[in-house]
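Chains as they are written, first to last, in the working numbering: chain P, 203 to 392; chain V, 203 to 392.
Following: one structure in structure tokens, then a few remarks.
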DNA sequence: TCGTCATTTCAGTAATTACTGAAATAACTG
DNA sequence: CAGTTATTTCAGTAATTACTGAAATGACGA
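See the structure below:
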């Protein structure tokens, strides 16, 4: 591996993290490298930087493209492919969320729905379906929220995040008022 | 594998998904099985249900315990260990979020901080640091939000999710008012 | 059309990860 | 304490996944 020390630390870390996700070491490293590179890189440059085989780079780039995490660029009078990541980290986050949802959440939702359609043939199956239904409900609620916020432009999303707690406090205040009203009525009754 | 058909579908699906996460097939299957079981199960029951070795069950349960995804129970006059998952799916979600953060986000944050402390020795490193700093900022914003909302009780969290879009609409309304005010003032100046 | 360069494919192999069976440990009981 | 049962450990092996080098494909210009 042939990289400036700071870049190398970053690249190695992403390699290790890669295996902690579903993604593999090389894919993680290439992504990290592209992310910090000031210019788009071609396959040969990646080979040199990471010291891995040309074919491995080819396959890993293909995987990154499948994840939509990488942009393909071309320079005039040069028929090699150059790769970068989007500049905007919020955009990257969106892509990541979308792709993980597609791969990890959607299939589960559809399996759950399919199973919930079927007639339980025993008490055990009845109970299992009830549990799956709880899971299904939770996931639906989360994805509805996600579909909602993913539309937001970056600055609004940022505001929403910063607000996070404050919205909560507002809700708490509302709850207190409501419960005050309730206890007042209870008192009046008793 | 010796399970009612509906349960089996669910278990097999979780096994496959398992490998898509960092977790492995067996761990995923055991978790799914425990999740839908009406009663806590002991290791031997898991062996029979899934048709895997006793030692594999032992290791996989250990992993699930490391993730805090599983509860250990004891029956009176029985010294075997019985396992369940928490009843409350929201609690499960919280645990999952917390553990994934611990494993996937925190280490990255600390690597980023460490690198950002160092003096860049070249223009390439300077640029890399700038990129890492953007990433660091984004992750910090997300984790701050997360630390905030994870405190919420279940029903408040649910409300917050349901609200998601509406809060947004409120923000949009506020933006419009602000920008109206701004353009009015601009007009007055010109 | 041929030669060159860029990329992809893929069979073979290396590396890693998952799983098993046997033995060890641990926790109890008579 | 010896015997029984539950669990864990771990060396060996199976299975899976990652990676390589060589060959194939494709896309161009002469």
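We treat Cβ as the ideally placed atom computed from N, Cα and C, and that holds for glycine.
Name the DSSP beta bridge partners of residue 258 of chain V, please?
-> Per DSSP, none; premise fails for residue 258 of chain V.
Compute the beta-carbon to beta-carbon distance between residue 232 of chain P and residue 214 of chain P, rounded to the nearest angstrom, for a pair I have assumed lies under 8 angstroms.
-> Wrong, their Cβ atoms sit about 12 angstroms apart, outside the cutoff.
Determine, using beta carbons only, whether residue 344 of chain V and residue 359 of chain P come nearer to each other than 8 angstroms.
-> no
Take every Cβ of the segment 295-312 of chain V, pair it with every Cβ of the segment 257-264 of chain V, and state whether three or more of those distances are shorter than 8 angstroms.
-> no
Helix, strand or coil at residue 273 of chain P according to DSSP, with G and I counted as helix | strand
Starting from residue 286 of chain P, follow the beta strand (DSSP E) in both directions and report where the run begins and ends.
-> 284-286
At what residues does the alpha helix (DSSP H) containing residue 417 of chain P begin and finish?
-> With chain P covering only 203 through 392, there is no way to say anything about residue 417 of chain P.
Would you verify that the beta carbon of residue 285 of chain V is, or is not, closer than 8 angstroms to some beta carbon of chain P?
-> no
Residue 343 of chain V versus chain P: which residues are under 9 angstroms apart at the beta carbon?
-> 360, 363 and 364
Identify which residue in P/304, P/284 and P/369 has its Cα closest to the Cα of residue 274 of chain P.
-> Of P/304, P/284 and P/369, the residue nearest in Cα terms is P/284.
DSSP state of residue 243 of chain P, grouped into three classes?
-> strand
Quick one: grab the DSSP three-state call for residue 220 of chain V.
-> helix
Which whole-angstrom value is the C-beta distance of residue 315 of chain V and residue 338 of chain V, which I expect to be below 8 angstroms?
-> 7 angstroms
Examine the Cβ distances between the segment 347-359 of chain P and the segment 224-240 of chain V and report whether three or more of them are shorter than 8 angstroms.
-> Judged by Cβ distances under 8 angstroms, the segment 347-359 of chain P makes no contact with the segment 224-240 of chain V, as fewer than three pairs qualify.
Got a sec: which bits of the segment 228-253 of chain V sit with their beta carbon under 7 angstroms from any beta carbon on chain P, in order along the chain?
-> 237, 238 and 240
Within the 8 angstroms Cβ cut-off, does residue 269 of chain V reach chain P?
-> By this cut-off, residue 269 of chain V is not an interface position.
Buried or exposed: where does residue 331 of chain V fall if 16 or more other Cβ atoms within 10 Å of its Cβ makes it buried?
-> buried
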